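Residue numbers (this note's numbering): -5 to 86.
No residue lacks a Cβ here, since even glycine has one placed at the ideal position from N, Cα and C.
All values derive from a computational prediction rather than experimental measurement.
Right, one structure below, let's go through it.
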């Protein structure tokens, strides 16, 4: 899949592809980056309560990281991260 095809996908599709790839390849580095990025993305789109909850509870943060694709605003905020990751790992 080339960059143009990736950019045509929705943020949810990119989220699902990136997380599925990272889990399948046990890419803890990407998953850790995602865990750190989700509260920032939530706060950037006005979901400050969720961001605060994530900072206070690792369980909430993990749940939100794996379901971030379900919230379009948060997925859109994380879109560049998903695109970068998938572009780097397409050949895996």
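Status (buried if at least 16 other CB within 10 Å, exposed otherwise) for residue i
i: residue 28; result: buried
i: residue 55; result: buried
i: residue 48; result: buried
i: residue 41; result: buried
i: residue 12; result: buried
i: residue 87; result: Because the chain spans -5 through 86 in this model, residue 87 falls outside it and cannot be assessed.
i: residue 22; result: exposed
Neighbourhood of residue i by C-beta distance below 8 Å, restricted to the same chain and skipping five residues each side
i: residue 81; result: -3 and 0
Residue nearest to residue i in terms of C-alpha spacing, selected from the options
i: residue 66; options: 84, 54 and 9; result: 9
i: residue 33; options: 83, 61 and 79; result: 61
i: residue 70; options: 23, 24, 39 and 11; result: 39
i: residue 30; options: 19, 58, 17 and 18; result: 58
i: residue 77; options: 50, 53, 43 and 24; result: 24
Close-in-space but distant-in-sequence residues of the same chain around residue i (CB under 6 Å, 5 per side omitted)
i: residue 37; result: 45
Cβ-Cβ separation, residue j to residue i (assumed contact under 8 Å), whole Å
i: residue 63; j: residue 6; result: 4 Å
i: residue 84; j: residue -5; result: 6 Å
i: residue 16; j: residue 68; result: Contact doesn't hold; Cβ gap of about 17 Å is too wide.
Inset, instruction - Mind listing, in chain order, the continuous alpha helix (DSSP H) runs of no fewer than 4 residues lying wholly within the region 7 to 74? - result: If we require 4 residues or more, the alpha helix (DSSP H) runs fully inside the region 7 to 74 come out as 22 to 38, 42 to 50 and 52 to 61.
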